[in-house]
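In what follows, a single structure is set out as structure tokens and then discussed.
2 protein chains.
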Amino acid sequence: MQISELSDRSGLTVQTIKFYIREGLLPKGSVVSATRAEYDHRHLERLRLISALREVGDLPVAAIQRIVEAIEDERVSLHELFGTAQYAIGPHVAAPYDPHWRAARQDVDALVRELGWTVGDRSPARDLLAHTFVALRRLGFPITLTDLRPYVKAAAEVADHEIGRVADGAPRARTVHTLLVSTVLYEQVLTALHRLAQEDASARRFG
Amino acid sequence: MQISELSDRSGLTVQTIKFYIREGLLPKGSVVSATRAEYDHRHLERLRLISALREVGDLPVAAIQRIVEAIEDERVSLHELFGTAQYAIGPHVAAPYDPHWRAARQDVDALVRELGWTVGDRSPARDLLAHTFVALRRLGFPITLTDLRPYVKAAAEVADHEIGRVADGAPRARTVHTLLVSTVLYEQVLTALHRLAQEDASARRFG
Numbered sequence: 001m002q003i004s005e006l007s008d009r010s011g012l013t014v015q016t017i018k019f020y021i022r023e024g025l026l027p028k029g030s031v032v033s034a035t036r037a038e039y040d041h042r043h044l045e046r047l048r049l050i051s052a053l054r055e056v057g058d059l060p061v062a063a064i065q066r067i068v069e070a071i072e073d074e075r076v077s078l079h080e081l082f083g084t085a086q087y088a089i090g091p092h093v094a095a096p097y098d099p100h101w102r103a104a105r106q107d108v109d110a111l112v113r114e115l116g117w118t119v120g121d122r123s124p125a126r127d128l129l130a131h132t133f134v135a136l137r138r139l140g141f142p143i144t145l146t147d148l149r150p151y152v153k154a155a156a157e158v159a160d161h162e163i164g165r166v167a168d169g170a171p172r173a174r175t176v177h178t179l180l181v182s183t184v185l186y187e188q189v190l191t192a193l194h195r196l197a198q199e200d201a202s203a204r205r206f207g
Numbered sequence: 001m002q003i004s005e006l007s008d009r010s011g012l013t014v015q016t017i018k019f020y021i022r023e024g025l026l027p028k029g030s031v032v033s034a035t036r037a038e039y040d041h042r043h044l045e046r047l048r049l050i051s052a053l054r055e056v057g058d059l060p061v062a063a064i065q066r067i068v069e070a071i072e073d074e075r076v077s078l079h080e081l082f083g084t085a086q087y088a089i090g091p092h093v094a095a096p097y098d099p100h101w102r103a104a105r106q107d108v109d110a111l112v113r114e115l116g117w118t119v120g121d122r123s124p125a126r127d128l129l130a131h132t133f134v135a136l137r138r139l140g141f142p143i144t145l146t147d148l149r150p151y152v153k154a155a156a157e158v159a160d161h162e163i164g165r166v167a168d169g170a171p172r173a174r175t176v177h178t179l180l181v182s183t184v185l186y187e188q189v190l191t192a193l194h195r196l197a198q199e200d201a202s203a204r205r206f207g
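Chains D and U, in that order, are what the protein sequence lines are. By full-length UniProt numbering, the letter at position 181 of the first sequence is numbered 181, and the numbering carries on one by one without gaps. By full-length UniProt numbering, the letter at position 146 of the second sequence is numbered 146, and the numbering carries on one by one without gaps.
The following block contains the structure:
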């Protein structure tokens, strides 16, 4: 298809598509004449991924670049690729390295060990959790494994479901899409459903 | 205590505390002389709440104002108060009212009815979920109740636990703190644990 059709089908302007090509987010089309390049369904699929990451995941171009590079480098294992995507996505919270923060981060590391989870030391999710622990303590909410247990259980069940959703032997690009969609979009599904469920639980108890 | 002690114990500058008083987020202290006002533990507790909402929940002052007004108005029921807080917190996604968005929003409304959940029509979480449905479909992920079931189950279990955490007959201010903390901070706990659990599940399957 020509760039105009790619624009129609992706809902992005020709200008935006050319910008993504310049930034290396989208491969060039195959040149068929001096003024024409051909694009295929892989371009369309990539554009849909970029749009979703930009609009819903609110990812900067640099983060998308890192993800796209890992997708294209076949030597990167699926687990590494997923790590690259997850770490690029962040959120990267500031780690102030004050005593409260250090203590919280140690608690997170101890929790991960206790759960027996395999998680890289530089996972931004560790800092995110530590950040939240600091805020909870400042508000006078001590954190115990008992408080965390329902969250740990919910997170583990949802994550197992998500990784299980990846079909065996699926094409690499599709697998990456599925994993990224779980991390970025289904995380928001979980957040939205959590809010709806809270309102319902509040109605049942206090309404 | 004097404002200097309030500043020490809350970790906020005197300037910030005075700003919150001017904006109506914090009640004035009791005037004990022309140049001195006394503050008590309620001021400290309120400041901790404001800090957490600002820093971790990233809430604008206007949203905090609405929450504080509802806390102080005893005629507002706990369920309404929780709704006020949740709706102020957002996130408020733009509802473009194109056909895809309208279809997604109808699906959300149908899902909430099917689950039998009591949720206000204007809940921002409905729009948030619709927004995510649009993005999922754009990426070629059809949404079915089967896909959503693990998220619904996780959300409901966590929400029930959170509402259950509120002690019967607890002081109103404490109840509000607990509910807000569930919505803002424990939601981030869930997000962080979800990311950690995904990495672990990926390591087990693809590592």
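Even glycine gets a Cβ: it sits at the ideal position worked out from N, Cα and C. Values in this document were obtained by computation on a predicted structure and should not be read as measured data.
(1) Against chain U, with Cβ distances strictly below 8 Å, would D/W101 count as a contact?
(2) Among D/H79, D/I71, D/L49 and D/Q198, which has the Cα closest to the Cα of D/L12?
(3) Could you give the DSSP three-state label for U/R42: helix, strand or coil?
(4) So who's on the other strand from U/V31, going by DSSP bridges?
(5) Which of the three DSSP states, helix, strand or coil, is assigned to D/P60?
(6) Name, going along the chain, the residues of the stretch 155 to 180 of chain D whose beta-carbon falls closer than 7 Å to a beta-carbon of chain U.
(7) Please state the DSSP three-state secondary structure of U/P142.
(8) Return yes when the Cβ of U/L26 is within less than 8 Å of the Cβ of U/R46, no when it is not.
(9) As an exercise, report each continuous alpha helix (DSSP H) stretch of at least 4 residues that is fully enclosed by the stretch 54 to 136 of chain D, in chain order.
(10) Just to make sure I have the definition right: I need the residues of chain D whose C-beta is within less than 8 Å of the C-beta of U/T118. Which are they?
(11) Identify the continuous alpha helix (DSSP H) that holds D/Q198 and give its terminal residues.
(12) With the cut-off set at 8 Å, would you say D/L53 and U/W117 are in Cβ contact?
(13) Would you call the CB atoms of D/P124 and D/P91 closer than 8 Å?
(14) Give me, in chain order, the residues of the same chain whose beta-carbon lies closer than 6 Å to that of D/L129; leave out the 5 immediate sequence neighbours on both sides.
(15) According to the Cβ coordinates, are U/H100 and U/R137 closer than 8 Å?
(16) Please list the residues of the stretch 72 to 92 of chain D that have a C-beta atom closer than 9 Å to any C-beta atom in chain U, keeping them in chain order.
(17) Contact between the stretch 76 to 83 of chain U and the stretch 186 to 206 of chain D is defined here as three or more beta-carbon pairs at a separation below 8 Å; is this criterion met?
(18) Which first and last residues belong to the alpha helix (DSSP H) in which U/R9 is found?
(19) Which residue comes first and which comes last in the alpha helix (DSSP H) that contains U/T13?
(20) With distances taken from CA atoms, which of D/L139, D/T144, D/A62 and D/Y20 is nearest D/A110?
(21) How long is the line joining the alpha carbons of D/T132 and U/Q188, rounded to whole angstroms?
(22) At least one CB of chain D closer than 8 Å to the CB of U/V112: is that the case?
(23) Which of helix, strand or coil does DSSP assign to U/G164?
(24) Using a Cβ cut-off of 8 Å (strictly closer), state whether U/G140 contacts chain D.
(25) Applying a beta-carbon distance threshold of less than 7 Å, which residues of chain D neighbour U/E187?
(26) Give the single residue among U/Q65, U/S7, U/R66 and U/G164 whose Cα lies nearest to the Cα of U/E38.
(27) Name the residues in the stretch 122 to 137 of chain D whose C-beta lies less than 9 Å from a C-beta of chain U; which are they?
(28) Quick one: what does DSSP say D/L26 is sitting in, helix, strand or coil?
(29) Between U/A70 and the rest of its own chain, which residues show a CB-CB distance below 6 Å, the 5 nearest in sequence each way excluded?
(30) Apply the 10 Å Cβ neighbour rule to U/E5 and answer buried if 16 or more other Cβ atoms are within range, or exposed otherwise.
(31) Do U/L49 and the ligand MG come close, with the Cβ less than 7 Å from some heavy atom?
(32) Can you list, in chain order, the residues of its chain whose CB lies under 7 Å from that of D/Y186, leaving out five sequence neighbours each side?
(33) Take D/R204 as the anchor and find which of U/L78, U/V61, U/M1 and U/I17 has the nearest alpha-carbon.
(34) Spatial neighbours of U/L44 within its chain, please: CB distance less than 7 Å, with the 5 preceding and 5 following residues excluded, ordered by chain position.
Inspection of the coordinates gives the following:
(1) Taking the first residue of the first sequence as 1, we reach residue 101 of chain D at position 101. False, the Cβ-Cβ gap to chain U never drops below 8 Å.
(2) Indexing the first sequence from 1 puts residue 12 of chain D at position 12. Out of D/H79, D/I71, D/L49 and D/Q198, D/L49 has the C-alpha closest to the C-alpha of D/L12.
(3) Residue numbering aside, residue 42 of chain U sits at position 42 when the second sequence is read from its first letter. Helix at U/R42.
(4) Working through the second sequence from its first residue, we reach residue 31 of chain U at position 31. For U/V31, which the question treats as bridged, DSSP gives the partners U/A37.
(5) The residue you call residue 60 of chain D lines up with position 60 of the first sequence. Looking at D/P60 - three-state DSSP - the assignment turns out to be coil, as it is neither helix nor strand.
(6) A155, A156, E157, V158, A159, D160, H161, E162, I163 and H177
(7) Taking the second sequence and counting its residues from 1, the one referred to as residue 142 of chain U is at position 142. Three-state DSSP puts U/P142 in coil, outside helix and strand.
(8) Numbered from 1 along the second sequence, position 46 holds the residue referred to as residue 46 of chain U. Numbered from 1 along the second sequence, position 26 holds the residue referred to as residue 26 of chain U. Going by C-beta atoms, U/R46 is nearer than 8 Å to U/L26.
(9) 61 to 72, 78 to 89 and 99 to 115
(10) Within the second sequence, residue 118 of chain U is the residue found at index 118, counting from 1. Within 8 Å Cβ-Cβ: E199, D200, A203, R204 and G207.
(11) As a position in the first sequence, residue 198 of chain D is number 198, starting the count at 1. It spans E187 to F206 - the alpha helix (DSSP H) in which D/Q198 sits, taken as one unbroken run.
(12) Taking the first sequence and counting its residues from 1, one reaches residue 53 of chain D at position 53. Taking the second sequence and counting its residues from 1, one reaches residue 117 of chain U at position 117. In this structure, U/W117 does not lie closer than 8 Å to D/L53 by Cβ.
(13) Working through the first sequence from its first residue, we reach residue 124 of chain D at position 124. Working through the first sequence from its first residue, we reach residue 91 of chain D at position 91. For D/P124 and D/P91, yes; Cβs fall inside 8 Å.
(14) Along the first sequence, one-based indexing puts residue 129 of chain D at 129. Contacts found: V108.
(15) As a first step, residue 100 of chain U is located in the second sequence; it is residue number 100 there, counting from the start. As a first step, residue 137 of chain U is located in the second sequence; it is residue number 137 there, counting from the start. Yes, Cβ-Cβ distance for U/H100 and U/R137 is below 8 Å.
(16) S77, L78, H79, E80, L81, F82, G83, Q86, I89 and P91
(17) yes
(18) Residue numbering aside, residue 9 of chain U sits at position 9 when the second sequence is read from its first letter. First-last of the alpha helix (DSSP H) with U/R9: I3 to S10.
(19) For the purposes of this step, residue 13 of chain U is taken as residue 13 along the second sequence, with counting starting at 1. No alpha helix (DSSP H) contains U/T13, which DSSP labels as neither H nor E.
(20) What you label residue 110 of chain D is simply residue 110 of the first sequence in a count that begins at 1. Of the candidates D/L139, D/T144, D/A62 and D/Y20, the one whose C-alpha sits nearest the C-alpha of D/A110 is D/T144.
(21) Here the question's residue 132 of chain D lines up with position 132 in the first sequence. Here the question's residue 188 of chain U lines up with position 188 in the second sequence. Near 7 Å, if we compare the C-alpha coordinates of U/Q188 and D/T132.
(22) The residue given as residue 112 of chain U occupies position 112 in the second sequence. Closer than 8 Å to some Cβ of chain D, the Cβ of U/V112 qualifies, so yes.
(23) In the second sequence, counting from the first residue as 1, residue 164 of chain U sits at position 164. Helix.
(24) The residue you call residue 140 of chain U lines up with position 140 of the second sequence. Taking Cβ atoms only, chain D reaches closer than 8 Å to U/G140, which makes this a yes.
(25) For the purposes of this step, residue 187 of chain U is identified with residue 187 of the second sequence, where counting begins at 1. Per Cβ cutoff of 7 Å: T191 and H194.
(26) Residue 38 of chain U sits at position 38 when you count from the first residue of the second sequence. Closest by alpha carbon: U/S7.
(27) S123, P124, A125, R126, D127, L128, L129, A130, H131, T132, F133, V134, A135 and L136
(28) Numbered from its first residue, the first sequence carries residue 26 of chain D at position 26. Here D/L26 sits in coil by DSSP.
(29) Stepping through the second sequence from its first residue, residue 70 of chain U is reached at position 70. Closer than 6 Å at the Cβ level, and outside the excluded window around U/A70, lie V76, L81 and T84.
(30) Taking the first residue of the second sequence as 1, we reach residue 5 of chain U at position 5. Its Cβ having fewer than 16 others within 10 Å, U/E5 is exposed.
(31) Looking at this structure, you won't find the ligand MG or any other ligand, since it has none at all.
(32) For this step, residue 186 of chain D is matched to residue 186 along the first sequence. Closer than 7 Å at the Cβ level, and outside the excluded window around D/Y186, lie E162.
(33) As a first step, residue 204 of chain D must be located in the first sequence, where it is residue number 204. When only C-alpha atoms are compared, the closest one is U/L78.
(34) Looking up residue 44 of chain U in the second sequence gives position 44. Answer for U/L44: L6, R9 and S10, listed in chain order.
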